[in-house]
Structures are given as C-alpha cells and as structure tokens.
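A.B. asks:
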Amino acid sequence: MTGGREEADVALSDVPLPKGPPTTARGVRTRAALVSAARTVFERDGFLASRLTDITAEAQCSTGTFYTYFVSKEEIFMAVMEAAKDEMMHPGMPHVAEAEDPMAVIEASNRAYFETYKRNGRLMMLQEQVATIDADFRAQRLQRGEAFAHRNAKSIQKMQDAGLVDADLDPIMTSRALSGMVSRLAYSSFALGENWPVDDLVETTTLLWANALGLGNRVA
4 MTGGREEADV ALSDVPLPKG PPTTARGVRT RAALVSAART VFERDGFLAS RLTDITAEAQ
64 CSTGTFYTYF VSKEEIFMAV MEAAKDEMMH PGMPHVAEAE DPMAVIEASN RAYFETYKRN
124 GRLMMLQEQV ATIDADFRAQ RLQRGEAFAH RNAKSIQKMQ DAGLVDADLD PIMTSRALSG
184 MVSRLAYSSF ALGENWPVDD LVETTTLLWA NALGLGNRVA
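When you read off a place in the sequence shown, starting at 1, and then add 3, the result is the number in this note's numbering.
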C-alpha cells in the first residue's frame, strides 16, 4: 500500500461531528451554503482531489468561516451525504396487495430507482469512490444495501405465499441478484455515462424481473 493511499484510508466516522446545528438564521444559511458548495465541488472534482479552498471559493466565504461549522473535508462530506439522504432514499419494492398488479408494482419501483439515480448520478459515483478508500463508509453502504435487499426479499416472499411467483426461489438471494442487476445498470448509465433512456431501462429490467420470478407464467 502506498503512502498516499494510507493517508486517504481514513475512517470518516472518526472525524468529530458538530456539537449541534447553528442557532441563528444566518448560521443556518451559511452552513447550508457551505454544504451546497461542497456537493458542487465533490461532484465536479471527486472527493480526493477536492480541497477546502475550492469549497470556500465556491461558497464565497473565508476559511475561517468554514471552520466555524466544520473541522475537515471528511466532515463536510458526511454533511453533504446527510443533506442528500432524503433525495436519494428509495423504499424498494413495496408489498404487493392481492388486488394489485405485481408487474405494475415492479415497474413503478424500477422507474423510481432509475429516475432517482439519474438525478444523483455524480453523487452516486462519489459514494462509490469514497467507499473504496474508507472502511467505515463502506460498511455503512453494505448495511444500507442489505436492508434494501431484505425489503425486496419480503415482497418476493409475499408473492410466493400468494402463488404469484416461483416458490422454489430463495427470496433473499433472488432479491440480491435482481437488485444488483438494476443497480449496476443504473451506475453504468448515469454515473459512468452510458446514458441509456430511462424508459428502455425500466422496460428491460421489469421484464427480466418478471421472467426470473416466473411471474409471466402465473399472471395474466
């Protein structure tokens, strides 16, 4: 391992977090401006190449102002991810009620995922970059992915119980395989720049989900 890599391989969770949010309206605005500027710089330059001076220049504030709200680049990165959390959150495949069309539910879930990924492609690529150099952030990503896979597995199990899909499939492994397919397509298209149309991605992945589950053999 090179010296540069050792310096970069810092645990983000070891960076001290702010004691609390700003207590004044001006402080809230200034901190929000810094977070917005940091996202712009991180998405433009990547995490490793970004400098605090780039962030303060983008936010049009001094270095002293930056240190009023954050202690490091790692800390403001975590603030960027926290601010984007709701925007990037995807609930997974919802429970399929007896009266619902399972194909429509899968299609809607895939569409929501691809559209969210497209809006946040640069940030999603940034997450991948940081996950390769920071063990704690990587563990958090794995935990979120595991939770997502289990939510989809519960929906698959419900459809199995209702006799809608192949009962021999292992729900969690099937969920991981199919969710991984969708995730990789989204990453290639919207983070790496292949730029496939969302409609084409949704149509293809929904058909692959249905075929893999055996849904087409059971739903008219």
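Note that beta-carbon positions come from the ideal geometry of N, C-alpha and C, so glycine has one too.
Keep in mind it's a predicted model, so treat the numbers as computed, not measured.
#1: Helix, strand or coil for residue 77? Go by DSSP, reduced to three states.
#2: With distances taken from CA atoms, which of 49, 146, 78, 48 is nearest residue 38?
#3: Report the three-state DSSP secondary structure of residue 113 (helix, strand or coil).
#4: Which two residues bound the contiguous alpha helix (DSSP H) that contains residue 218?
#5: By a C-beta neighbour count over all protein chains shown, 10 Å radius and 16 as the cutoff for buried, is residue 174 buried or exposed?
#6: Can the beta-carbon of residue 55 be found closer than 8 Å to that of residue 69?
#7: With a CB to CB cut of under 6 Å and the five nearest residues on each side skipped, what residues in its chain are close to residue 172?
#8: Locate the alpha helix (DSSP H) running through residue 155, then write down its first and last residues.
#9: The alpha helix (DSSP H) that contains residue 33, what's its start and end?
#10: Among residues of its own chain, excluding the 5 on either side of residue 229, which ones have a beta-carbon nearer than 6 Å to its beta-carbon?
#11: Under a three-way DSSP split, which group does residue 199 fall into?
#12: Using a Cβ cut-off of 8 Å (strictly closer), state whether residue 159 contacts chain D.
#13: Taking residue 190 as part of the alpha helix (DSSP H), name the residues at either end of that continuous run.
#14: For residue 205 versus residue 117, is the C-beta distance shorter than 8 Å?
#15: Which value, in whole angstroms, describes the spacing of the CA atoms of residue 106 and residue 29?
#16: Between which residues of its own chain and residue 179 is the CB-CB distance below 7 Å, once the five residues before and five after are set aside?
#17: Which value, in whole angstroms, describes the spacing of the CA atoms of residue 218 and residue 83?
#18: If the criterion is Cβ atoms closer than 8 Å, does the pair residue 194 and residue 128 meet it?
#19: Pull up the distance between the alpha-carbon of residue 111 and that of residue 36, whole angstroms please.
#20: On the DSSP letters alone, give me the boundaries of the alpha helix (DSSP H) that residue 103 sits inside.
#21: For residue 185, which residues of its own chain have a beta-carbon under 7 Å away from its beta-carbon, when the five flanking residues on both sides are left out?
C.D. replies: Well, looking at it:
#1: Here residue 77 corresponds to residue number 74 of the sequence shown, with the count starting at 1. The DSSP-derived three-state label of residue 77 is helix.
#2: Counted from its first residue, the sequence shown places residue 38 at position 35. Of the residues 49, 146, 78, 48, the one whose Cα lies closest to the Cα of residue 38 is 78.
#3: Residue 113 sits at position 110 when you count from the first residue of the sequence shown. Looking at residue 113 - three-state DSSP - the assignment turns out to be helix.
#4: Counted from its first residue, the sequence shown places residue 218 at position 215. Counting along the chain, residue 218 falls outside any alpha helix (DSSP H), and DSSP gives it neither H nor E.
#5: For the purposes of this step, residue 174 is taken as the residue at position 171 of the sequence shown. With 16 or more other Cβ atoms inside 10 Å of its own Cβ, residue 174 counts as buried.
#6: Indexing the sequence shown from 1 puts residue 55 at position 52. Indexing the sequence shown from 1 puts residue 69 at position 66. Cβ atoms of residue 55 and residue 69: closer than 8 Å.
#7: Here residue 172 refers to the residue found at position 169 of the sequence shown. Excluding the 5 residues flanking it on each side, residue 172 has no same chain C-beta neighbour closer than 6 Å.
#8: Sequence index remark: in the sequence shown, residue 155 carries index 152 (1-based). For residue 155, the enclosing alpha helix (DSSP H) starts and ends at 138-164.
#9: Here residue 33 refers to the residue found at position 30 when the sequence shown is read from its first residue. Note, residue 33: alpha helix (DSSP H), 28-48.
#10: Residue 229 lies beyond the residue range present for the chain, which begins at 4 and ends at 223; the question has no answer from this structure.
#11: For the purposes of this step, residue 199 is identified with residue 196 of the sequence shown, where counting begins at 1. DSSP places residue 199 in coil when its eight states are reduced to three.
#12: In the structure shown, chain D cannot be found, because there is only a single protein chain.
#13: On the sequence shown, residue 190 is found 187 positions in, with the first residue counted as 1. Taken as a continuous stretch (DSSP letters only), residue 190 belongs to no alpha helix (DSSP H), as it is neither H nor E.
#14: The residue labelled residue 205 in the question sits at position 202 within the sequence shown. The residue labelled residue 117 in the question sits at position 114 within the sequence shown. It is a contact, given that the beta carbons lie within the stated cut-off.
#15: Mapped onto the sequence shown, residue 106 falls at position 103. Mapped onto the sequence shown, residue 29 falls at position 26. Distance between the alpha carbons of residue 106 and residue 29 is about 49 Å.
#16: If you number the sequence shown from 1, residue 179 lands on position 176. The residues are 152.
#17: Here residue 218 refers to the residue found at position 215 when the sequence shown is read from its first residue. Here residue 83 refers to the residue found at position 80 when the sequence shown is read from its first residue. Spanning the two alpha carbons is a distance of roughly 40 Å.
#18: Here the question's residue 194 lines up with position 191 in the sequence shown. Here the question's residue 128 lines up with position 125 in the sequence shown. At a Cβ-Cβ threshold of 8 Å, residue 194 and residue 128 count as neighbours.
#19: Against the sequence shown, residue 111 aligns to sequence position 108. Against the sequence shown, residue 36 aligns to sequence position 33. Their Cα atoms are separated by approximately 34 Å.
#20: By 1-based counting over the sequence shown, the position of residue 103 is 100. Element bounds for residue 103: n/a, residue is neither H nor E.
#21: In the sequence shown, counting from the first residue as 1, residue 185 sits at position 182. 113, 116, 208.
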